[in-house]
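Peer 1:
Residue numbers (full-length UniProt numbering): 1 to 614.
1. Give the list of continuous alpha helix (DSSP H) stretches no shorter than 4 residues that lie fully inside the segment 463-519.
2. With DSSP as the reference, please indicate the residues paired to residue 524 in a beta bridge.
3. In the DSSP assignment, find the unbroken alpha helix (DSSP H) run with residue 444 in it and report its ends.
4. Opposite residue 571 in the DSSP bridges: which residues?
5. Going straight from the alpha carbon of residue 458 to that of residue 520, what length do you get?
6. Can you name, in chain order, every residue of its own chain whose Cβ lies under 8 Å from the Cβ of residue 469, other than the five neighbours on each side?
7. Taking the straight line between their C-alpha atoms, what separation do you get for residue 316 and residue 351?
8. When you compare the segment 576-591 with the segment 416-426, are there three or more beta-carbon pairs, one atom per stretch, that lie closer than 8 Å?
9. Tell me which residue opens and which closes the alpha helix (DSSP H) that residue 15 is part of.
10. From which residue to which residue does the beta strand (DSSP E) around residue 539 run?
11. Which residues in the same chain as residue 129 place their Cβ atom closer than 7 Å to its Cβ, once the five residues preceding and following it in sequence are excluded?
12. Under a three-way DSSP split, which group does residue 163 fall into?
13. Could you check which residue in 523, 224, 594 has the C-alpha nearest to that of residue 240?
14. Measuring straight from C-alpha to C-alpha, what distance separates residue 238 and residue 231?
15. Taking a contact to mean a Cβ-Cβ separation below 7 Å, would you say residue 437 touches residue 314 in this structure?
16. Counting only runs that start and end within the segment 258-317, where is the alpha helix (DSSP H) found for 4 or more residues in a row?
17. Less than 7 Å between the C-beta atoms of residue 557 and residue 573, yes or no?
18. For residue 335 and residue 156, I'd like the C-alpha separation in whole angstroms.
19. Counting pairs of Cβ atoms below 8 Å between the segment 25-43 and the segment 131-149, do you hit three or more?
20. Between residue 481 and the rest of its own chain, which residues show a CB-CB distance below 6 Å, the 5 nearest in sequence each way excluded?
21. To the nearest angstrom, report how far apart residue 122 and residue 599 are at their CA atoms.
22. Check whether the segment 214-221 touches the segment 303-312, taking contact to mean three or more Cβ pairs, one atom from each stretch, closer than 8 Å.
23. On the premise that residue 184 lies in contact with residue 190, defined as a C-beta separation below 8 Å, what is that separation, rounded to the nearest angstrom?
24. Using DSSP's beta-bridge definition, name the partner residues of residue 204.
25. Considering only C-alpha positions, which residue in the set 588, 604, 419 is nearest to residue 559?
26. Taking only the alpha-carbon atoms, compute the straight-line gap between residue 485 and residue 357 and give it to the nearest angstrom.
27. Kindly provide the ranges of any alpha helix (DSSP H) runs that are 4 or more residues long and lie completely inside the segment 328-353, ordered along the chain.
28. Mind checking residue 364: buried by the 16 CB within 10 Å criterion, or exposed?
29. Sorted by chain position, which residues of the same chain lie with C-beta nearer than 7 Å to residue 297's C-beta, five sequence neighbours on each side aside?
30. Under the three-state reduction of DSSP, which class applies to residue 21: helix, strand or coil?
31. If residue 49 and residue 74 are in contact, beta carbons under 8 Å, what's the gap, nearest whole angstrom?
32. Using 7 Å as the threshold, is the C-beta distance between residue 162 and residue 116 below it?
33. With residue 19 and residue 516 assumed to form a contact (beta carbons below 8 Å), what rounded beta-carbon distance in angstroms separates them?
34. CB-CB under 8 Å to residue 554, same chain, minus the five flanking residues each way: which ones, in chain order?
35. From residue 22 to residue 140, what does the alpha carbon distance come to, in whole angstroms?
36. Sorted by chain position, which residues of the same chain lie with C-beta nearer than 7 Å to residue 393's C-beta, five sequence neighbours on each side aside?
Here's what the structure looks like:
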């Protein structure tokens, strides 16, 4: 790689930033570079006291034996954080000489910042984010300040929340709920993730497990705060979890344009709450749409409480998207945002912006606008308006995550030719060059995920992919294919006198693939699957080639291996021709086949299946 970089620096740089093989290398460079930058900030920019002395003063009161929250206060006010905050800062109090050793305190927070960065990189990797997206993570001036120049307690809750998100991505739900509970025990703001968390748990684990996790969260809060609860339960809840707390207008970055009178009006607070709940409900519909909508999902969970309520697997990308979006919605509708609150979502912003379908200049503008607004001090009507506009655009962009497929026109001049009797069919020019170009642009604007490492017994596969559930598009595809597939062979295991049947639909799980040079799909068999949205079962694979030799693609052909008794497997290569639809049998009648490595260019595929009713 180093010699290649020296000979072809631009090509090697592009490879480094786009090839998932080098994600770890890019992440390591970002983490090391940002760690050095953080040390330079600590060394050359003076610390500013805001809340650190108050934290230490409050801990000093507790160290003297006081456990009644109503009697614990410091220079800037009473203790308003849960018990987890207390225990963390008790430890910091002891090892930093009651907070007086600022050099050590800043180094602890520098380590905490780097830890949050590493966790964020891991979340991005698990969600299939591209390498180059990591470059946006070290660029926030305000975030560095929050961690190492201000020492806010938000840093601890955010880092624990990121660890919980990563654990949920790995389906380590028992660990994840403890990490989430830890984050919540430090700061109440972690409740903003809860609506999204309920959705993904309910879909992935079902009603009973979701209920158990909620009980775990509540029990954790009770256990960790038992000393303070014994002293005065009401004082603890009013201090640590005061949902009616009104922040000072002069510190807010959000909604400043309203003026202080309306900002402090209780009716405005109620309006924000209604807006928050309404937008969450709307996004809940989006989050459950692949499963048939929220009502069927809820009813499935109630009727089968011990099984998953969702129909579609909860992917790591889905976990990050739902939890980060839930957090963003809460931030948007927060009446007051103080400067340290930027840490709640700063490292999530590049990922969320990447999820939108905006053009790259618009995505970059949103990131720059948010960072600008958080760096204007004191905030102004202009900076507050910019932040609200950026948040609105971001939420609207994520909402439009519901994708509209480009049109495919019906053709009346096509023929379905046979590559192998009763096994492999080809329909040339099924898509025009213009339609292929539209779909390539469509795929390139999707938040593609890298295929996960292979498990035992699976074929090796390396490519980018994305799936979109769409019954409507599946019906459109079926209408396009129907004239050419009126009668297809079906498995002999079917209990029917006919050996050939007509497909009645296409799979509503629409898959889109992108293969870069070196990427491939090892030898494998395609299984028959049942579409949960329609109840139909697949028997034939559909591969629509969106790029091919006409575009300079070399390699990437689909190669089938014909098995004959007493003979070596005979390879049969289907040419990679742009616009061609390849249909082949799968399930019990599937031939062993592979997607050969792409040597040059980029291979794009639109994938579905022909479905049968039996």
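Where a beta carbon is used, it is the ideal one built from N, C-alpha and C, also for glycine. For clarity, every value in this text was computed on a predicted model and none was experimentally measured.
Peer 2: Once the coordinates are examined:
1. 471-481
2. Locating residue 524 in the chain shown gives position 524, where the first residue counts as 1. The partner list for residue 524 (beta bridge, DSSP) reads 593.
3. Within the chain shown, residue 444 is the residue found at index 444, counting from 1. Its alpha helix (DSSP H) spans residues 433-444.
4. Taking the first residue of the chain shown as position 1, residue 571 is located at position 571. Note: residue 571 sits in a beta bridge opposite 561.
5. Along the chain shown, one-based indexing puts residue 458 at 458. Along the chain shown, one-based indexing puts residue 520 at 520. Taking the straight line joining both Cα atoms gives about 14 Å.
6. As a first step, residue 469 must be located in the chain shown, where it is residue number 469. 289, 290, 312, 508, 509, 510, 533, listed in sequence order.
7. For the purposes of this step, residue 316 is identified with residue 316 of the chain shown, where counting begins at 1. For the purposes of this step, residue 351 is identified with residue 351 of the chain shown, where counting begins at 1. Their Cα atoms are separated by approximately 13 Å.
8. yes
9. Translated into the one-based positions of the chain shown, residue 15 becomes position 15. It spans 9-18 - the alpha helix (DSSP H) in which residue 15 sits, taken as one unbroken run.
10. For the purposes of this step, residue 539 is identified with residue 539 of the chain shown, where counting begins at 1. Taken as a continuous stretch (DSSP letters only), the beta strand (DSSP E) holding residue 539 covers 537-545.
11. As a position in the chain shown, residue 129 is number 129, starting the count at 1. Hits under 7 Å: 351, 354.
12. Translated into the one-based positions of the chain shown, residue 163 becomes position 163. Correct three-state label for residue 163: helix.
13. Along the chain shown, one-based indexing puts residue 240 at 240. Minimum Cα distance to residue 240 is reached at 224.
14. Translated into the one-based positions of the chain shown, residue 238 becomes position 238. Translated into the one-based positions of the chain shown, residue 231 becomes position 231. One C-alpha to the other measures close to 13 Å.
15. Working through the chain shown from its first residue, we reach residue 437 at position 437. Working through the chain shown from its first residue, we reach residue 314 at position 314. Cβ distance not < 7 Å, so residue 437 and residue 314 don't count as in contact.
16. 260-264, 266-288, 294-303
17. Position 557 of the chain shown, counting from 1, holds the residue named residue 557. Position 573 of the chain shown, counting from 1, holds the residue named residue 573. Yes, the pair counts as a contact, with Cβ atoms nearer than the cut-off.
18. Here residue 335 is taken as the residue at index 335 of the chain shown, counted from 1. Here residue 156 is taken as the residue at index 156 of the chain shown, counted from 1. Near 23 Å, if we compare the C-alpha coordinates of residue 156 and residue 335.
19. yes
20. To locate residue 481, count along the chain shown from 1; it is residue 481. There are no such residues.
21. Against the chain shown, residue 122 aligns to sequence position 122. Against the chain shown, residue 599 aligns to sequence position 599. Looking at the two C-alpha atoms, the distance is approximately 29 Å.
22. no
23. Stepping through the chain shown from its first residue, residue 190 is reached at position 190. Stepping through the chain shown from its first residue, residue 184 is reached at position 184. About 4 Å; that satisfies the 8 Å criterion.
24. Numbered from its first residue, the chain shown carries residue 204 at position 204. DSSP, once it has assigned bridges, lists no residue as partnering residue 204.
25. As a working note, residue 559 is residue 559 in the chain shown. It is 419 whose Cα lies nearest to the Cα of residue 559.
26. Taking the first residue of the chain shown as position 1, residue 485 is located at position 485. Taking the first residue of the chain shown as position 1, residue 357 is located at position 357. Roughly 35 Å between the two C-alpha positions.
27. none
28. Reading the chain shown from its first residue, position 364 is the one you call residue 364. Residue 364 is exposed by the Cβ-count criterion.
29. Here residue 297 refers to the residue found at position 297 of the chain shown. So the qualifying residues of the chain are 203, 288, 291, 309, 310.
30. In the chain shown, counting from the first residue as 1, residue 21 sits at position 21. Residue 21: helix per DSSP, three-state reduction.
31. The residue labelled residue 49 in the question sits at position 49 within the chain shown. The residue labelled residue 74 in the question sits at position 74 within the chain shown. No, residue 49 and residue 74 are not in contact; Cβ-Cβ is about 12 Å, not under 8 Å.
32. Here residue 162 refers to the residue found at position 162 of the chain shown. Here residue 116 refers to the residue found at position 116 of the chain shown. Yes, they are a contact pair.
33. In the chain shown, residue 19 corresponds to position 19, counting from 1. In the chain shown, residue 516 corresponds to position 516, counting from 1. Their Cβ separation, rounded to whole angstroms, is 7 Å, which keeps residue 19 and residue 516 in contact under 8 Å.
34. Here residue 554 is taken as the residue at index 554 of the chain shown, counted from 1. Excluding sequence neighbours, residue 554 sits near 598, 599, 600, 601.
35. Counting from 1 along the chain shown, the entry for residue 22 is found at position 22. Counting from 1 along the chain shown, the entry for residue 140 is found at position 140. Going by the C-alpha atoms only, they are around 24 Å apart.
36. Along the chain shown, read from residue 1 onward, the residue named residue 393 stands at position 393. Cβ neighbours of residue 393 beyond the five flanking positions: 366.
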